[in-house]
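Notes for the one structure printed next.
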Amino acid sequence: METAMIAATDKRVYMNTFGERFPIAFAYGKESTLYDLEGKAYTDFLAGIAVNALGYAHPKVTAAICEQAQRIVHYSNYFYIEKQALLAETLTHLSCFDRAFFCNTGAEANEGAIKLARKYFYDKGEDRYEIIACENSFHGRTIATVAATGQKKYQKPYSPLLPSGIKNVPYGDANALKAALSPNTAAVLVECIQGEGGVIDGGDYLAQVRALCDENGCLMIIDEVQTGIGRTGTLFAYEQYGFEPDILTLAKALGGGVPIGAVLAKEACCAFGPGDHGTTFGGNPLACAAGLAVISEIAREPFLSAVKQKGKYFKSELVKLQAQFPKKIVDVRGRGLMLGMELAAEIKNSAVQKELLKQGFIIGVAGHNTLRFVPPLIIREEQIDALLGVLTNYFRKA
Ligand SMILES: Cc1ncc(COP(=O)(O)O)c(C=O)c1O
Numbered sequence: 269m270e271t272a273m274i275a276a277t278d279k280r281v282y283m284n285t286f287g288e289r290f291p292i293a294f295a296y297g298k299e300s301t302l303y304d305l306e307g308k309a310y311t312d313f314l315a316g317i318a319v320n321a322l323g324y325a326h327p328k329v330t331a332a333i334c335e336q337a338q339r340i341v342h343y344s345n346y347f348y349i350e351k352q353a354l355l356a357e358t359l360t361h362l363s364c365f366d367r368a369f370f371c372n373t374g375a376e377a378n379e380g381a382i383k384l385a386r387k388y389f390y391d392k393g394e395d396r397y398e399i400i401a402c403e404n405s406f407h408g409r410t411i412a413t414v415a416a417t418g419q420k421k422y423q424k425p426y427s428p429l430l431p432s433g434i435k436n437v438p439y440g441d442a443n444a445l446k447a448a449l450s451p452n453t454a455a456v457l458v459e460c461i462q463g464e465g466g467v468i469d470g471g472d473y474l475a476q477v478r479a480l481c482d483e484n485g486c487l488m489i490i491d492e493v494q495t496g497i498g499r500t501g502t503l504f505a506y507e508q509y510g511f512e513p514d515i516l517t518l519a520k521a522l523g524g525g526v527p528i529g530a531v532l533a534k535e536a537c538c539a540f541g542p543g544d545h546g547t548t549f550g551g552n553p554l555a556c557a558a559g560l561a562v563i564s565e566i567a568r569e570p571f572l573s574a575v576k577q578k579g580k581y582f583k584s585e586l587v588k589l590q591a592q593f594p595k596k597i598v599d600v601r602g603r604g605l606m607l608g609m610e611l612a613a614e615i616k617n618s619a620v621q622k623e624l625l626k627q628g629f630i631i632g633v634a635g636h637n638t639l640r641f642v643p644p645l646i647i648r649e650e651q652i653d654a655l656l657g658v659l660t661n662y663f664r665k666a
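Going by our numbering, the sequence shown runs without a break in its numbering and finishes at 666.
The structure is reproduced here in structure tokens:
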């Protein structure tokens, strides 16, 4: 099918939740490059929205998926699943957590984490049900996670929000959190770096959240759906902020493109027992085989230090660009290969995105007029330089 025909069919029969899509469909990808149906190449700085950490057609991930698909894709969680047990063991071994639960998406992982926190206090006989999340956050599109997602544009059409007991406080404001915490608070749910919110780094706020949770006696849930699996230069972003959460959620990069989400938790708060939670697909052999292949590539040196080094270089070059065009670029933020560049009001982030796409570069937009760069972690320095070249030209003319 040609792209125009796909577009016509899509417009006729697909629910239009994604707005005006770019008039491109991809045929295949290799490393950090995508090729459309007409054969045009694009260097990818979006990676399927921070999913394809190892790029496209990574030989080890592809082999693991093919091998597993030839044996068995799915049976059910009524039985033991070797790859599920191994992936849980790997993730807990590499983190401060003791147990894992697998699901299919980031939203589902956050739902699981919220349920786990509530169940923990239910078992203890404490009346703690409230979840505090941050304004400008993003935690998913299900009815509970949209309540946690502190952005009116996502919440308004679905009000009154379910479930009750979810509050939003300003991100980065420890005093506001302190005031919002109560004897009914079960957990604070927070991102280390707000991704969809515009690549906003929580910095010292995160350790303050930890301290306030301890003081209050509630749990701390870190949403690492976007920051996890090497994106910021460590396997998990929390490692860089000097605290340990009680519960952590993952998805996106974990399956290298195969849908998988995870809830990781410390033993002390693993309150789920038989029947308390469940899933049909979550943690099936195919998704876990992909997850194991992804982790075995990313959770090692020199892979992670290369992410840090490339991120440092990329960010310093973006900062130089800001110095060159101070009236057009307002801010450069982020860490590792999760970077954002906020633009002045007269330059629309979506216009930059469209122009770069014409020139063969895929970038994201997020938050307040911000360009978001979340390339495959295998991106090469010369590809970063090529992007910087087209950005420089753009700002020169803009
Ligand atoms: C931090 C964060 N949490 C949760 C989600 C939701 O993940 P999913 O779209 O897989 O449900 C996202 C998606 O962008 C995210 O960035």
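Even glycine gets a Cβ: it sits at the ideal position worked out from N, Cα and C.
I317 has its CB nearer than 7 Å to a heavy atom of ligand 1. The count of Cβ pairs closer than 8 Å, one atom from the segment 615-634 and one from the segment 301-317, reaches three, so the stretches are in contact. Assignment of alpha helix (DSSP H) within the segment 290-356, counting only whole runs of 4 or more residues, yields 315-318 and 327-339 in chain order. Considering only A666, G433 and I646, the residue with the shortest C-alpha distance to I411 is G433. Ranked by how close their Cα comes to the Cα of A519, the residues Q508, F504, Y509 and E512 have F504 in first place. A distance criterion of 7 Å places the beta-carbon of F406 in contact range of ligand 1, judged by its closest non-hydrogen atom.
Counting only residues of its own chain and dropping the five nearest sequence neighbours on each side, Y422 has a CB closer than 6 Å to the CB of V414.
Here the C-alpha atom of K616 lies approximately 32 Å from the C-alpha atom of L522. Using a C-beta cut-off of 8 Å, the segment 361-370 makes no contact with the segment 573-585, since fewer than three inter-stretch Cβ pairs fall below that distance. Shortest gap from the CB of D491 to any heavy atom of ligand 1: under 7 Å.
The nearest non-hydrogen atom of ligand 1 is less than 7 Å from the C-beta of E459. In this structure, T330 is the residue among K279, F290 and T330 with its C-alpha nearest to the C-alpha of L560. Out of A475, Y426, V658 and Q462, the CA that lies nearest to the CA of K626 is found in V658. Taking C-beta separations shorter than 7 Å and ignoring five residues to either side along the sequence, the partners of E535 in its chain run D366 and R367, following chain order. In the three-state DSSP reduction, K616 falls in the coil class, being neither helix nor strand. The beta carbon of L656 is closer than 6 Å to those of E585 in its chain, skipping five residues each way along the sequence. At least 8 Å separates the beta-carbon of N404 from that of G471.
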